[in-house]
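In the working numbering, the protein residues as written are 269 to 674.
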């Protein structure tokens with residue numbers, strides 16, 4: 269319990285002291301005043317509902333909603349405008365498609381990301397894995413580009429491609445033809461290219477606000493550490509109420525080693541990762557056991573030589589402290605491949621070891637994307653899970669060193 273409380277405290281500490289950079293930018297308030305400031309860049313995958321900014325490094329953080337400003341911009345790649353627009357609430361998930369061809373509009377005031385600026389402006393709103401696009405001409409009103417999947421005749425999936433008619437009716441250029449417009453998919457890249465072509469065709473003025481594409485990457489690390497393990501075995505008598513036995517094994521320190529394959533996910537400034545870490549660990553100990561059967565009492569020694577290949581499959585989140593240092597937290601589902609045969613008794617039948625599955629949480633520190641150290645706590649695993657009357661929780665905590673060589 270003390271270990272759990274310590275780990276929870278460390279996790280809270282890491283979250284409270286983790287940093288996300290405030291980056292130079294500006295906001296334009298409702299009166300049109302431009303304010304140079306520092307804006308907290310969360311590298312949003314969904315459009316932000318609010319943003320945090322401060323006038324300088326030493327000032328207080330201010331949180332603002334789209335109702336309070338017109339524009340905010342970070343550097344020359346991230347620009348959002350505040351706009352009251354018609355937002356289609358229709359689901360694009362196959363299981364939730366509607367039977368209606370028309371969009372289900374609601375009026376909302378939102379931050380929408382500007383992708384292209386010029387005679388024609390392109391905007392995008394992303395939420396819950398759905399992206400909607402909007403446009404304006406010559407800084408005029410913002411309108412939706414309509415695309416919707418729906419069920420036709422309750423069985424066939426059809427598409428409302430009204431955005432193509434909108435492009436044909438409103439974007440005139442002598443170099444455009446119907447085939448060009450028919451080939452424009454409802455996607456960020458296709459629409460950016462189309463709007464850019466239109467702007468160059470009409471004014472030769474075109475700006476693209478597009479983040480450099482974040483890239484995922486694979487890391488490979490060697491892991492070496494120590495594990496602190498202890499085991500209790502209790503016999504739940506069930507229907508055999510006169511049969512009582514239990515054993516408490518000592519806390520043992522053993523080596524563990526393995527390799528970790530980590531994939532850094534290509535969003536949110538590479539702060540999320542998934543990992544898999546095949547590792548070998550063991551636990552060997554003996555304990556005195558007292559077995560009482562009716563009026564007969566047996567004294568015996570029970571031994572365990574537990575060896576396992578465990579395979580944690582989990583999710584990791586990084587908290588950047590500076591350019592070289594970062595904290596991370598883990599949560600993982602653990603699959604065990606038992607290598608040991610049994611728990612051995614002298615006067616009782618041996619027990620086969622079957623660990624089943626468990627979970628873990630961990631807290632670590634990474635330096636220079638090369639060296640790491642992690643404190644890890646496993647949820648207790650019942651290594652006699654196939655025996656209904658036995659409860660044998662094995663508790664493990666580990667300190668693990670890592671060296672990333674790829």
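We treat Cβ as the ideally placed atom computed from N, Cα and C, and that holds for glycine.
**Report entry** residue 293 - partner residues in DSSP beta bridges
**Finding:** The partner list for residue 293 (beta bridge, DSSP) reads 305 and 342.
Query - CA nearest to the CA of residue 522, picked from 595, 668 and 341 - result: For residue 522, the closest C-alpha among the options 595, 668 and 341 is that of 668.
Report task. Would you tell me roughly how many angstroms separate the C-alpha atoms of residue 402 and residue 449, rounded to the nearest one? Result -> About 16 Å.
Query raised in the report: So who's on the other strand from residue 416, going by DSSP bridges?
Result: Partner(s): 428.
Query raised in the report: Taking the continuous beta strand (DSSP E) assigned at residue 539, which residues delimit it?
Result: In the DSSP assignment, residue 539 falls outside any beta strand (DSSP E), carrying neither H nor E.
Query raised in the report: Do the region 535-549 and the region 574-589 meet, that is, are 3 or more Cβ pairs less than 8 Å apart?
Result: Two segments are said to touch when three or more pairs of C-beta atoms, one from each, lie closer than 8 Å; by this definition the region 535-549 touches the region 574-589.
Query - Cβ-based burial, residue 607 [other Cβ within 10 Å; buried from 16] - result: It counts as exposed.
Requested in this report: Measure the Cβ-Cβ separation of residue 649 and residue 662 and say whether it is below 8 Å.
Outcome: Residue 662 is positioned such that its CB atom lies closer than 8 Å to that of residue 649.
Query raised in the report: Taking the alpha helix (DSSP H) that residue 449 falls in, what are its first and last residues?
Result: Residue 449 -> alpha helix (DSSP H) spans 446-450.
Query raised in the report: Which word fits residue 443, buried or exposed, when buried means at least 16 other C-beta atoms lie within 10 angstroms of its C-beta?
Result: With fewer than 16 other beta carbons inside 10 angstroms of its own, residue 443 counts as exposed.
Requested in this report: Ignore the nearest five residues each way along the sequence and tell me which others in residue 642's own chain have a CB closer than 6 Å to its CB.
Outcome: Closer than 6 Å at the Cβ level, and outside the excluded window around residue 642, lie 630, 632 and 668.
**Report entry** Boundaries of the alpha helix (DSSP H) in which residue 651 is found, first to last residue
**Finding:** Residue 651 -> no alpha helix (DSSP H), and no H or E assigned at all.
Query raised in the report: In this structure, what does DSSP give as the bridge partners for residue 530?
Result: DSSP lists 487 and 543 as partners of residue 530.
Report task. List the endpoints of the continuous beta strand (DSSP E) containing residue 404. Result -> Counted as a single uninterrupted DSSP element, the beta strand (DSSP E) harbouring residue 404 occupies residues 398-405.
**Report entry** residue 313 in three-state terms, based on DSSP
**Finding:** Coil.
**Report entry** First and last residue of the uninterrupted alpha helix (DSSP H) at residue 457
**Finding:** From DSSP, the alpha helix (DSSP H) with residue 457 extends over 456-470.
Requested in this report: For residue 321, I'd like the list of residues in its chain whose CB is within less than 8 Å of its CB, leaving aside the five on either flank, ordered along the chain.
Outcome: 290, 293, 295, 305, 306, 307, 308, 329, 330, 332 and 340, listed in sequence order.
Query - Rounded straight-line distance, which links the Cα of residue 627 to that of residue 646 - result: Between the C-alpha atoms of residue 646 and residue 627 there is a straight-line separation of about 6 Å.
Query raised in the report: Opposite residue 502 in the DSSP bridges: which residues?
Result: Beta-bridge pairing links residue 502 to 514 and 659.
**Report entry** Any C-beta of chain C under 8 Å from that of residue 341
**Finding:** Going by chain labels, chain C is absent from the structure shown, which holds only one protein chain.
Report task. Going by DSSP, name the residue or residues bridged to residue 363. Result -> DSSP lists no bridge partner for residue 363.
Query raised in the report: What first and last residue would you give for the beta strand (DSSP E) that runs through residue 646?
Result: Where residue 646 is concerned, the enclosing beta strand (DSSP E) starts and stops at 639-646.
Query raised in the report: Taking residue 302 as the reference, which of 313, 310, 323 and 318 has the closest Cα?
Result: Residue nearest to residue 302 within the set 313, 310, 323 and 318 is 323 (criterion: CA-CA distance).
Query - C-alpha gap between residue 410 and residue 536, whole angstroms - result: One C-alpha to the other measures close to 28 Å.
**Report entry** Straight-line Cα distance separating residue 349 from residue 268
**Finding:** A question about residue 268 goes unanswered here, because the residues of the chain that appear run from 269 up to 674.
Query raised in the report: Helix, strand or coil for residue 436 per DSSP?
Result: Helix at residue 436.
**Report entry** Inter-residue Cα distance where the pair is residue 500 and residue 637
**Finding:** The straight-line gap from Cα to Cα measures roughly 39 Å.
Report task. Drop a sphere of 10 angstroms on the beta-carbon of residue 384, count the other beta-carbons inside from all chains shown, and report buried for 16 or more, exposed for fewer. Result -> So residue 384 ends up on the buried side.
Query raised in the report: First and last residue of the beta strand (DSSP E) that includes residue 626?
Result: Membership of residue 626 in the beta strand (DSSP E) is indicated by the continuous run 625-635.
**Report entry** Separation of residue 597 from residue 478, as counted between CA atoms
**Finding:** Roughly 30 Å separates the two Cα atoms.
Query raised in the report: CB of residue 389 to nearest heavy atom of the ligand GDP: below 7 Å?
Result: Among the ligands in the structure shown, none appear at all, so the ligand GDP cannot be discussed.
Query raised in the report: Between the C-alpha atoms of residue 316 and residue 640, what's the straight-line distance to the nearest angstrom?
Result: So the two alpha carbons sit approximately 33 Å from each other.
Query raised in the report: Whose C-alpha, out of 612, 464, 625 and 465, is nearest the C-alpha of residue 605?
Result: Per the Cα distances, 625.
**Report entry** the region 456-476 / the region 485-499 touching (three or more Cβ pairs under 8 Å)
**Finding:** Output reads no: the region 485-499 does not touch the region 456-476.
Query raised in the report: What does a CB cutoff of less than 6 Å around residue 622 pick up in its chain, not counting 5 residues either side in sequence?
Result: Within the same chain, 653 and 654 come within 6 Å of residue 622 by CB-CB distance, once the 5 residues on both sides are set aside.
Query raised in the report: How is residue 600 classed by DSSP in three states: helix, strand or coil?
Result: DSSP places residue 600 in strand when its eight states are reduced to three.
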